[in-house]
Ligand SMILES: NC(=O)c1ccc[n+]([C@@H]2O[C@H](COP(=O)([O-])OP(=O)(O)OC[C@H]3O[C@@H](n4cnc5c(N)ncnc54)[C@H](OP(=O)(O)O)[C@@H]3O)[C@@H](O)[C@H]2O)c1
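Numbering (UniProt numbering), first residue to last: 1 to 244.
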């Protein structure tokens, strides 16, 4: 039975991939503050806040994902909320983009999400409940020069969420995409100042967002209050991608 409106069920087993920094860490903290049992995956040794379980996993490697899930399941029980957040960019214009630039970004951002969702789905089907949240980008549907690889990988997440909704929607499982715009993290700090200025001038909100503003939406779409939302693409972009 679901919790009464306005009240969130707590103590769920939550796993966030790439949760050691940036948006992923903000998402992990939001679930922790909600009273959930939170685990994050990381590749390089990282300091995590008290209360967050860190497990090593590379989303390009199915065996490491399996080992990470086994560790999380032993500590927190089957994963009920999965946030597929790990992602990379390798920006360059089409004519300079190598096939490896393309496939490595797709392997992390898109196939990586497929791998973790596949592993998580077994437990969710058994539980007859689950929340999958895929962290895409405004770029996935809006497009961006120099990001053909990244945009393709992020657009693909929409197809995953919608197909998953059609496959597993009747089992109490929802799958949604959250599409951030420009968020201040290590990933965006790498962009040239000129590019950052151009972005700013096209954002109706006239500012960049904090990682916490994305995290709050992710926490909500994974809550009981959002039980009837599935296959949706939820922008958190200050209006940048309106209509896309
Ligand atoms: N920042 C933005 O403006 C923005 C906008 C739209 C969408 N997004 C999306 O939001 C997500 C988080 O972005 P961010 O800005 O927080 O990025 P970030 O600060 O660069 O962090 C990326 C995270 O992904 C992890 N990761 C990368 N490759 C991985 C792999 N092969 N296996 C496991 N983990 C891996 C990293 O782990 P390590 O520390 O081990 O490298 C790190 O935790 C990404 O999917 C990104 O595309 C970001």
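Just so it is clear, CB atoms sit at the ideal spot from N, CA and C, and this is done for glycine as well.
Note that this is a predicted model, so its numbers are computed, not measured.
As for any beta strand (DSSP E) of minimum length 3 sitting wholly inside the stretch 120-205, the runs are 130-135, 173-180, ordered along the chain.
With at least 16 other beta carbons inside 10 angstroms of its own, residue 42 counts as buried. Inter-segment contact for the stretch 228-237 and the stretch 37-55 is absent: fewer than three beta-carbon pairs are separated by less than 8 angstroms. Residue 90 sits in coil when the DSSP states are folded into three classes, being neither helix nor strand.
Residue 24: member of the alpha helix (DSSP H) spanning 22-33, first to last residue. Inter-segment contact for the stretch 155-166 and the stretch 183-195 is absent: fewer than three beta-carbon pairs are separated by less than 8 angstroms. In this structure, the C-beta of residue 57 approaches ligand 1 to less than 7 angstroms from one of its heavy atoms. Judged by DSSP in its simplified three-state form, residue 17 adopts coil rather than helix or strand. Judged by DSSP secondary structure, residue 39 falls within the beta strand (DSSP E) whose first and last residues are 37-42. For residue 138, the CB contacts under 6 angstroms within the same chain, skipping 5 residues up- and downstream, are 179, 181, 237, 240, 241 in chain order. Here the distance from the Cβ of residue 228 to the nearest heavy atom of ligand 1 is not below 7 angstroms.
Residue 25 counts as buried, since at least 16 other C-beta atoms from the protein chains shown sit within 10 angstroms of its C-beta. The C-alpha of residue 129 lies about 7 angstroms from the C-alpha of residue 80. For residue 63, there is no enclosing beta strand (DSSP E); the residue is part of the alpha helix (DSSP H) that begins and ends at 62-76. Straight across, the Cα-Cα distance linking residue 198 with residue 67 is about 43 angstroms. Taking the Cβ of residue 187 as the reference point, at least one heavy atom of ligand 1 falls within a distance shorter than 7 angstroms.
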